[in-house]
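Engineer: For reference, the structure I am asking about is given below.
Number of protein chains: 4
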Amino acid sequence: MTLPAPLTGVVPPVCTPLTPDREVDVPSLIRLVDHLVEGGVHGLFVLGSSSEAAYLTDRHRRLVVETVVAHVGGQLPILAGAIDMTTPRVLDHVRYVTDAGADAVVVTAPFYTRTHPAEISRHYRLIASRSSVPVFAYDLPVSVHTKLSAELVLELAADGVLAGVKDSSGDEGGFRAVVMGARMDPAVSGFSVLTGSELVVDTALAMGADGAVPGLANVDPHGYVRLHRLCREGDWERARAEQERLCALFGMVHVGDRARMGGSSSGLGAFKAALYLRGVIACPVTAEPQVALSAGEVERVGKFLAATGLL
Amino acid sequence: MTLPAPLTGVVPPVCTPLTPDREVDVPSLIRLVDHLVEGGVHGLFVLGSSSEAAYLTDRHRRLVVETVVAHVGGQLPILAGAIDMTTPRVLDHVRYVTDAGADAVVVTAPFYTRTHPAEISRHYRLIASRSSVPVFAYDLPVSVHTKLSAELVLELAADGVLAGVKDSSGDEGGFRAVVMGARMDPAVSGFSVLTGSELVVDTALAMGADGAVPGLANVDPHGYVRLHRLCREGDWERARAEQERLCALFGMVHVGDRARMGGSSSGLGAFKAALYLRGVIACPVTAEPQVALSAGEVERVGKFLAATGLL
Amino acid sequence: MTLPAPLTGVVPPVCTPLTPDREVDVPSLIRLVDHLVEGGVHGLFVLGSSSEAAYLTDRHRRLVVETVVAHVGGQLPILAGAIDMTTPRVLDHVRYVTDAGADAVVVTAPFYTRTHPAEISRHYRLIASRSSVPVFAYDLPVSVHTKLSAELVLELAADGVLAGVKDSSGDEGGFRAVVMGARMDPAVSGFSVLTGSELVVDTALAMGADGAVPGLANVDPHGYVRLHRLCREGDWERARAEQERLCALFGMVHVGDRARMGGSSSGLGAFKAALYLRGVIACPVTAEPQVALSAGEVERVGKFLAATGLL
Amino acid sequence: MTLPAPLTGVVPPVCTPLTPDREVDVPSLIRLVDHLVEGGVHGLFVLGSSSEAAYLTDRHRRLVVETVVAHVGGQLPILAGAIDMTTPRVLDHVRYVTDAGADAVVVTAPFYTRTHPAEISRHYRLIASRSSVPVFAYDLPVSVHTKLSAELVLELAADGVLAGVKDSSGDEGGFRAVVMGARMDPAVSGFSVLTGSELVVDTALAMGADGAVPGLANVDPHGYVRLHRLCREGDWERARAEQERLCALFGMVHVGDRARMGGSSSGLGAFKAALYLRGVIACPVTAEPQVALSAGEVERVGKFLAATGLL
């Protein structure tokens with residue numbers, strides 16, 4: 001389908017359910033997609049960070065995008081991550097996800113290698129020139145170790161290189177500069193500014209953002225869709241209450257004992273445990289070399305669900 | 001061939017010559033390998049950072065390792081990088097480089113994703129258990145954004161998980177701790193400690209390191225082989241003079257204007273320009289999205305070669 | 001005066017006007033304070049980062065706090081920074097600013113030295129136990145290189161150690177966790193959560209923050225007071241328009257050529273140039289070793305003032 | 001006394017013994033200085049990081065420098081740290097340490113504030129122009145969060161601004177560039193390049209460094225003086241053995257439980273515990289808010305002393 005311009009609303013980064021032997025669990029993935037669609041989301045983002053894209057082999061990635069496109073393609077816009085270190089490697093991913101039918105690709109700045117704003121600009125220009133679908137920038141300094149400046153994003157938007165940005169940088173000042181810059185420049189009409197935060201969707205929309213890509217929407221799509229609607233209606237008081245419920249739910253990402261595991265193991269482990277406890281996926285396992293949550297930690301995830309009315 | 005244990009000497013991380021349209025330039029790669037072998041190096045490391053591994057597609061990477069193994073396999077130990085974000089993706093690379101005949105694989109800690117020492121340990125243990133050849137750890141915090149602790153490296157060495165480490169961390173205290181720890185623990189006999197630095201090979205060998213993996217050895221293999229020999233002979237005065245000549249030569253990595261390009265573009269661009277000026281490779285181009293050196297910058301590379309007797 | 005609990009509203013971090021030979025320009029400081037008071041601000045914060053506290057000698061610092069307290073003490077709450085590396089040095093500053101009559105002190109975590117959450121907790125507990133006035137935490141990772149966790153701030157609030165926090169971390173998720181935590185815990189009633197951002201005051205207040213400490217309020221106190229009032233009235237649309245005008249004005253901090261100077265020189269230089277152009281202070285000079293703005297850069301500051309109706 | 005140019009040899013950064021109520025323990029300080037002088041050191045550096053300068057009030061700092069100058073001034077060169085955030089504050093420290101008789105001052109780049117190479121250059125030029133004694137640069141990125149580039153250090157050396165550098169950056173490549181640059185430029189004859197590392201003194205001297213400023217020399221001055229002598233004699237084999245003994249001793253800095261305390265508490269706590277166990281100082285207490293070593297941790301320090309022949 002043609003991507004709406006701008007893309008708006010709630011676009012969850014879809015988790016990738018795995019079997020106990022770390023293959024893609026296709027039936028669970030389909031159930032998860034149904035759960036999100038029934039929740040009323042406005043698009044799907046596969047192969048992002050919450051999808052454990054960094055842990056999926058190319059074979060796994062292909063299967064994920066093919067499965068999701070086959071199941072809901074045409075019904076909802078489907079964005080696919082093309083997460084890799086540099087231009088030539090990213091282009092390989094762009095090729096197979098667009099062959100599979102993705103409606104847009106989501107691409108970070110180069111990482112692992114030392115880079116430079118001029119090289120980041122070249123990177124996006126080369127990718128856009130060779131992609132058959134729109135390109136979104138993915139600003140994720142915690143992974144990429146570079147921040148996309150508002151200036152660069154707006155320049156690439158004005159030049160028609162980027163169709164939008166998913167901003168997971170946590171830098172609200174820079175985010176606002178992109179929102180304001182995009183609105184004020186007629187050359188970038190249709191550019192989509194999406195927040196990647198779970199915790200400030202209400203204020204991002206209040207600033208004028210087009211939508212949100214919250215990992216936690218896997219667990220509670222209805223909540224985020226409700227939050228989005230309340231913001232669109234200008235009912236900021238109830239929006240804040242809904243956002244605060246979701247903030248409380250988000251607390252689950254800290255259940256993992258940080259002496260035993262890193263932040264991904266804890267956070268993605270919690271999302272998958274919640275989906276498992278809610279009956280959406282068959283197995284809460286995360287990819288190697290992440291460390292599994294203990295039984296007690298999974299139990300604490302359940303308490304977060306119960307406390308916010310989800311179990 | 002069976003990898004010597006420990007692996008010692010000069011093991012250059014082999015640059016990957018490209019054609020103007022960014023395909024692997026196989027004849028130039030073969031000439032470069034011959035240049036290194038004639039220089040007397042003790043092994044070859046393909047698909048490392050100086051090889052622009054981060055910029056090479058899987059197809060390019062396969063071609064590189066197959067070409068080099070076919071040309072000199074059996075004659076010299078060939079280590080191959082398996083550079084990717086996490087365990088499952090690294091294992092895919094391990095498979096094809098070992099199928100192609102690499103004698104060992106070189107693997108970083110997980111990157112892009114947030115990680116933890118326990119997960120780094122799991123990562124190496126899983127890879128070693130599934131690799132048919134010895135595994136070297138690649139400690140490169142500038143790219144990976146995690147430092148491998150001496151404690152972890154020595155634990156993995158003692159458990160037979162790691163066969164060696166290439167330390168490009170620039171942390172000489174940590175390096176020394178690994179050298180001393182490896183020497184004092186009979187359980188890790190045969191473990192190979194290699195410095196990735198161009199600038200302190202003499203002092204690394206003086207501390208007891210087994211060898212070096214200097215990117216600059218592409219440009220001047222004879223110099224590093226001579227340096228290694230002088231150190232082995234205990235002729236520290238002449239070793240220092242040779243090392244200082246190589247330090248002066250290394251100055252070429254700064255020729256690129258940093259307002260226009262990043263450190264990789266400048267450094268790898270200089271190495272390739274030097275190989276081009278020395279007549280070893282046909283084209284000095286670097287991979288996308290790196291920025292090319294200007295004519296004036298290439299000329300300055302030539303001056304570094306001339307000043308150190310290489311042109 | 002007794003500090004309101006919670007302290008609410010707009011509390012500018014007062015710039016420190018200097019003479020051409022870098023002494024405190026007392027008449028200009030008094031004019032600046034009058035300008036802020038007439039603008040309707042709710043308190044004053046002297047000796048913070050926007051006050052160039054890091055550049056002021058102890059003699060200068062004393063003169064600043066004595067001048068401001070003598071001029072408006074009792075009329076408005078006056079908070080004073082006690083910015084130094086560790087507990088004993090901070091306590092020296094606490095002593096003279098409270099002797100001078102400051103109503104509260106503002107203190108960062110230890111810096112320069114390597115630290116730890118347990119030591120940060122000890123630090124604040126020791127200072128609070130020896131301070132005659134309430135203690136605010138100053139969360140400024142760009143300077144301190146440590147982030148105060150929401151968990152630690154709330155624990156210190158619940159224990160009566162901290163009276164409030166000035167959050168200049170730019171981490172809106174963490175900020176929200178403090179706001180929500182403070183509201184939900186009856187033990188911390190009266191705790192004041194202030195944002196240090198210039199750019200998201202509207203959304204911080206929408207989340208439930210008590211007030212703001214924006215450096216740019218030196219230049220346009222009326223604007224921030226208006227913004228605060230609109231937020232309190234729930235007029236979010238006009239609040240956003242006012243905030244966006246202030247965001248545009250804030251663009252002045254980037255006038256300085258970053259090839260020639262750092263971010264402080266550019267940002268604090270712009271604030272002082274604006275105060276000079278608006279006729280509030282006699283001389284725009286910043287402290288050593290900051291680099292002065294050029295005439296052209298000052299002119300660009302004037303354009304920001306003109307474009308937002310201030311000149 | 002006039003400072004030798006270059007200053008060479010072992011120049012320990014003198015620990016600051018404290019009483020249980022955190023006053024400077026003058027008799028212990030004098031005993032420590034005697035211990036170092038008897039150990040044969042070539043100079044003393046007071047008010048550095050190992051001296052807990054960041055934790056000492058101005059009154060404490062003055063007392064330290066006055067005590068040490070009065071006790072051994074004229075006998076050995078005495079360098080004094082003037083550690084503060086920016087130029088005006090540093091100049092206040094320069095004044096009282098030179099009034100007290102320090103033979104040179106040691107100064108970092110600006111910290112806490114955001115800075116720039118041009119501002120760092122101005123900083124050192126202003127300080128040198130107003131200091132009555134030579135100025136050494138202190139390169140300590142772990143504290144200052146800026147690295148002094150070899151280029152800047154050599155430029156300031158050539159211009160007569162800096163008399164030397166204490167390099168605690170751990171960047172051996174940059175260190176070597178300074179050593180080589182200083183040797184090759186006749187304009188910088190007399191410039192002193194000192195390593196701040198405990199672990200690579202042998203290799204630093206082998207590269208051509210003038211001396212070392214190792215914190216661990218408080219505990220074992222004889223060891224470092226012996227190491228220095230062996231290096232000067234070119235007896236690299238025995239130098240390495242001595243250095244390795246000192247590396248093993250240095251392991252004491254890790255005795256502190258890092259779940260309970262930071263790196264300074266552990267490292268400086270260990271040095272002081274060792275001095276206490278060796279009978280040099282009366283009390284091993286460290287400054288607030290550092291966390292004390294447990295009895296068991298102190299016992300482990302004793303084992304490090306025993307294992308290296310010091311107890």
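Chains as they are written, first to last, in the UniProt record's numbering: chain A, 1 to 311; chain B, 1 to 311; chain C, 1 to 311; chain D, 1 to 311. Note that the Cβ used here is the ideal one computed from N, Cα and C, for glycine as well.
Bridge partners of I78(C), per DSSP?
Structural biologist: Note: I78(C) sits in a beta bridge opposite L44(C).
Engineer: Name, please, each residue of chain A whose Cβ falls closer than 9 Å to the Cβ of C247(C).
Structural biologist: G173, R176, A177, M180
Engineer: Give me the Cα-Cα distance between A292(D) and S265(D), rounded to the nearest whole angstrom.
Structural biologist: 7 Å
Engineer: Of all the residues that make up the region 134-168 of chain D, which are near chain C by a beta-carbon distance shorter than 8 Å?
Structural biologist: V142, S143, V144, H145
Engineer: State the Cα-Cα distance for the pair V219(D) and F271(D), rounded to the nearest angstrom.
Structural biologist: 6 Å
Engineer: Would you say the region 42-53 of chain B touches the region 73-89 of chain B, given that touching needs at least three Cβ pairs under 8 Å?
Structural biologist: yes
Engineer: According to the Cβ coordinates, are E244(D) and L230(D) closer than 9 Å?
Structural biologist: no
Engineer: CB A157(B) to CB A118(B), shorter than 9 Å?
Structural biologist: no
Engineer: What residue from A259(C), D92(C), E23(C), L148(C) has the CA that sits closest to Y55(C)'s CA?
Structural biologist: E23(C)
Engineer: Any idea if M184(A) is buried or exposed, counting beta-carbon neighbours within 10 angstroms, 16 or more meaning buried?
Structural biologist: exposed
Engineer: Short check: CB of Y124(A) to CB of V69(A), under 9 Å?
Structural biologist: no
Engineer: Sort S294(C), V11(C), V298(C), M207(C) by Cα distance to L275(C) and report the nearest one.
Structural biologist: It is V298(C).
Engineer: Locate the beta strand (DSSP E) running through G164(A), then write down its first and last residues.
Structural biologist: Where G164(A) is concerned, the enclosing beta strand (DSSP E) starts and stops at 164-167.
Engineer: Quick check: is the beta carbon of D261(D) nearer than 9 Å to any beta carbon in chain C?
Structural biologist: It should be pointed out that residue 261(D) corresponds to Met in this sequence rather than to Asp. By this cut-off, M261(D) is an interface position.
Engineer: With a threshold of 9 Å between beta carbons, is G215(B) in contact with chain D?
Structural biologist: no
Engineer: Quick one: give me the first and last residue of the alpha helix (DSSP H) that L18(C) is part of.
Structural biologist: Run containing L18(C): none; DSSP gives neither H nor E here.
Engineer: Tell me the residue span of the beta strand (DSSP E) that contains V107(A).
Structural biologist: 104-107
Engineer: For residue 314(B), which residues in chain D fall below 7 Å Cβ to Cβ?
Structural biologist: Because chain B spans 1 through 311 in this model, residue 314(B) falls outside it and cannot be assessed.
Engineer: Check the Cβ of A241(B) against every Cβ in chain D and list those closer than 9 Å, keeping chain order.
Structural biologist: By Cβ distance, chain D contributes nothing, its closest Cβ being about 11 Å from A241(B), past 9 Å.
Engineer: Would you kindly report the start and end of the unbroken alpha helix (DSSP H) that includes L156(A)?
Structural biologist: 150-158
Engineer: On the three-pair Cβ rule with 8 Å, is the region 103-116 of chain D touching the region 26-38 of chain D?
Structural biologist: Touching, no, given that fewer than three Cβ pairs across the two stretches are closer than 8 Å.
Engineer: On the three-state DSSP scale, how would you describe L194(B)?
Structural biologist: strand
Engineer: What does Y138(B) pair with, by DSSP beta-bridge criteria?
Structural biologist: K166(B)
Engineer: Does I83(A) come within less than 9 Å of chain B when only Cβ atoms are used?
Structural biologist: yes
Engineer: From the DSSP secondary-structure annotation, give me the bridge partner or partners of D171(C).
Structural biologist: D171(A)
Engineer: Give the secondary structure of P214(D) by DSSP, where H, G and I count as helix, E and B as strand, and everything else as coil.
Structural biologist: coil
Engineer: Using C-beta distances below 7 Å, list every residue in its chain close to G215(C), excluding the 5 sequence neighbours before and after it, in chain order.
Structural biologist: P13, S50, E198, F271
Engineer: In three-state DSSP terms, what is G9(C)?
Structural biologist: strand
Engineer: So what does DSSP say about residue 322(C), is it helix, strand or coil?
Structural biologist: Residue 322(C) cannot be examined here, being either before or after the span of chain C that is shown, 1 to 311.
Engineer: Check each residue of the region 79-111 of chain A: if its Cβ is closer than 9 Å to any Cβ of chain B, include it; give the result in chain order.
Structural biologist: I83, D84, M85, T86, T87, P88, R89, L91, D92, T108, P110, F111
Engineer: When we look at the beta-carbon of D167(D) and count the other beta-carbons within 10 Å, is it buried (16 or more) or exposed?
Structural biologist: buried
Engineer: When the Cα of P4(A) is compared with those of F175(A), T113(A), T67(A), S189(A), which residue comes out closest?
Structural biologist: S189(A)
Engineer: Tell me the DSSP secondary structure of G73(A) in three-state form.
Structural biologist: strand
Engineer: I'd like to know whether the C-beta of M252(A) is nearer than 9 Å to at least one C-beta of chain C.
Structural biologist: no
Engineer: Would DSSP call V253(D) helix, strand or coil?
Structural biologist: helix
Engineer: Counting only C-beta atoms, is G234(C) closer than 9 Å to chain A at any point?
Structural biologist: yes
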